[in-house]
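When we follow UniProt numbering, the leftmost residue of the sequence shown carries the number 1, and every step to the right adds one.
Where a beta carbon is used, it is the ideal one built from N, C-alpha and C, also for glycine.
Remember, it's a predicted structure, so these values are computed and weren't measured experimentally.
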Amino acid sequence: MPVTKSILLTFTSREPISDLATFIDRSGLVDNSAVRLVAKGSLVVAWVQVLAPRGLNDTTPTVLGMRGAELAEEAKFDIVVPIDSLRARFDNAVESEHGFVVTMPMQAPTVRWKIPLPPQTGWENLGKVGASDLQFVVREGMKIIKRKVPRNAEEHVVRSYRSQVWGTTINGSLGLPAGVALAAETLGFFGDKVMDVSAKEPWIRLSSTRGEILAKHTPVMLDEV
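Okay, here's the thing in structure tokens:
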């Protein structure tokens, strides 16, 4: 249901605002144009899409990035907004006696989110993976794409090669698709030497102190945003 009145978020300081702004800026590097914001109590969580299939024959994994921030005042909503609009609101945060206030942009009819969010509970710990190993996967994946994609290739050809590379399972025992490594690199989540891996079918999750990457291979039909 569209939101018809302004939503205000009050943060404890400018730091979490800056962190979220950096997070959404980095998500724009992979042509992401929308942010899903879910606030409950004293926490707001920002979701972005890093990879997703476009049709049932596309084997690209669905890969989402998530980062949370603490609020000075409780809130409750679930909205999808354009990145550019949200970024501008972050830049115009206003200091008040309770903290720093950001007015959320209105939802745009052309911005849609078709992916059901992963569950919050019931996750099974699978182990850990080294950040350096994931960074190696990203470097090798980029090399393969650069080597195999013909110059001036059409978009569907580029997507096909990228789908093959980022959909490849990089750790048989943990079941991580290479796309989680790309997402962690893109969103700047390689702050820890090791990252925790957990699963809740059909999702698999990569967790760090900077945020989480969640992926699944189940095809999801997406509208253009």
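Note on Ser207: 16 or more other CB atoms within 10 angstroms of its CB, so buried under the neighbour-count rule.
Annotation for Gly141: Val165 and Ala178 place their beta carbon closer than 6 Å to its own, counting only its chain and skipping 5 residues before and after.
In this chain, Lys146 is not harboured by any beta strand (DSSP E); it is covered by the alpha helix (DSSP H) spanning Ala131 to Lys148.
When C-alpha distances from Arg14 are compared across Arg54, Leu71, Ile24 and Ala34, the shortest belongs to Leu71.
Annotated three-state conformation of Trp113 is coil, per DSSP. As the crow flies, the alpha-carbon of Gly191 is around 11 Å from that of Gly130. Val194 and Lys5 have their C-alpha atoms some 43 Å from each other. Of the candidates Ile17, Thr12, Ala46 and Thr22, the residue whose Cα lies closest to the Cα of Thr186 is Thr22. Annotation for Thr186: the continuous alpha helix (DSSP H) segment containing it runs Gly179 to Leu187. Around the beta carbon of Gln120, fewer than 16 other beta carbons sit within 10 angstroms, so the residue counts as exposed. For Arg162 and Ala52, the gap between their C-alpha atoms comes out near 11 Å.
For Val158, the enclosing alpha helix (DSSP H) covers residues Glu155 to Trp166. Beta-bridge pairing by DSSP links Ile213 to Gly65 and Leu206. Taking the C-beta atoms as reference points, Ala93 is found nearer than 9 Å to Phe11.
Bridge partners of Glu124 according to DSSP: Ala199.
Taking C-beta atoms as the reference points, Gln49 and Ile115 count as a pair closer than 9 Å. Only residues of its own chain outside the window of five on either side were considered, and among them Ser208, Arg210, Gly211 and Ile213 have a CB closer than 7 Å to the CB of Phe189, listed in chain order.
Pairing Asn152 with Val102, the inter-Cα distance amounts to about 43 Å.
Inclusion of Leu37 and Leu117 in the CB contact set at 9 Å is not warranted, their separation being larger than that value. The C-beta of Lys216 has 16 or more other C-beta atoms within 10 Å across all chains shown, which makes the residue buried. The DSSP-derived three-state label of Leu43 is strand. According to DSSP, Ser96 shares a beta bridge with Gly99.
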